[in-house]
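The numbering of the sequence shown is this note's numbering, which starts it at 892 and goes up by one. We put the beta carbon where it would ideally sit given N, CA and C, even for glycine.
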Amino acid sequence: MKKKEIKDTERNEVGSSQCGTQVASGNKISMLIPYRKGEKWGFCDTGRKIVIPTVYDDVIQFDGGLAGVNLNNKWGFVDTRGDLVVPAIYNRAFPFSDGLAPVEVNNNFGFIDIKGNLAIPAVYEDEGFFRQGLAPVGLNDKYGYIDTNGNMAIPMVYDDATRFSEGLAPVKIKKRWGFIDTTGKLVIPAKYDTAILFRDGLAPVKLNGKYGFIDTKGNPAIPAVYDWTNDFSEGLARVKLNGKWGFIDTKGTQYWED
């Protein structure tokens, strides 16, 4: 979790059903999705009707009824009506989770609430999203976790850390990755070259240069034979093996592309 930047994977452009926020209009409910026209961004519904004008330099998806927008290299947030409810004053901003959004203030990171108040002071050199009431934060090259009140819930003893998923979070200890639970207990030993978030009860891990999957108890579930993989989504994970691309399901069954 090293000095993140807003990426396209966090934007999910028009046509994706995996992002956006539902809004009601009469008896209809639609989804607001980032939409680009020329060099400018706004938001449209699933019928590609523009709901929030394409006047922004960049946007990130809605979460909790608010979406990040960039104006003149500064970030703020709009609501589903397009009103700028959090002024565009931040160098960087990320989506809301658990009612809080990470923002950069004077080269440090803190968290604002949905009203735009700085709820957790900007004192950290790095940060991540809140999940299950905890967010990873970094200071002086060490990482720990704070709660939604800004209290240090898990001490800053890790060399790197990422957010929680399914009750577990990857942490780095002396160049190796393992997993902790929400109490800070190391429940899966730090022995992996790389560890990614749990999805569908499985997490990708890299061991001896190859990727496989473990279950939430740390048991090997899918052998580490792949050259690359990502986490599961809707029961499938993309994999690469000997130059071939395909997918595997949670049982390890392979589906190769022609």
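In this model, V994 and Y981 are separated by some 6 Å (Cα to Cα). For I1045, the closest of A1060, W966, Y947 by C-alpha to C-alpha distance is A1060.
Judged by DSSP in its simplified three-state form, Q1023 adopts coil rather than helix or strand. The Cβ atoms of L1088 and F1104 lie no closer than 9 Å to each other. Here D1004 has G990, L991, A1010 as same chain residues with Cβ atoms under 7 Å from its own Cβ, once five neighbours each way along the sequence are excluded. DSSP, read as helix, strand or coil, puts P978 in strand. Take the alpha-carbon of Y1036 and the one of K1097: they are about 24 Å apart.
Residue pairing for A1094: DSSP places it in a beta bridge opposite I1105. Minimum Cα-Cα distance from G1143 among the listed residues D1122, K1135, N1121, A1112 corresponds to A1112.
Assignment of beta strand (DSSP E) within the segment 956-1018, counting only whole runs of 3 or more residues, yields 957-962, 965-969, 975-981, 991-996, 999-1004, 1009-1015 in chain order.
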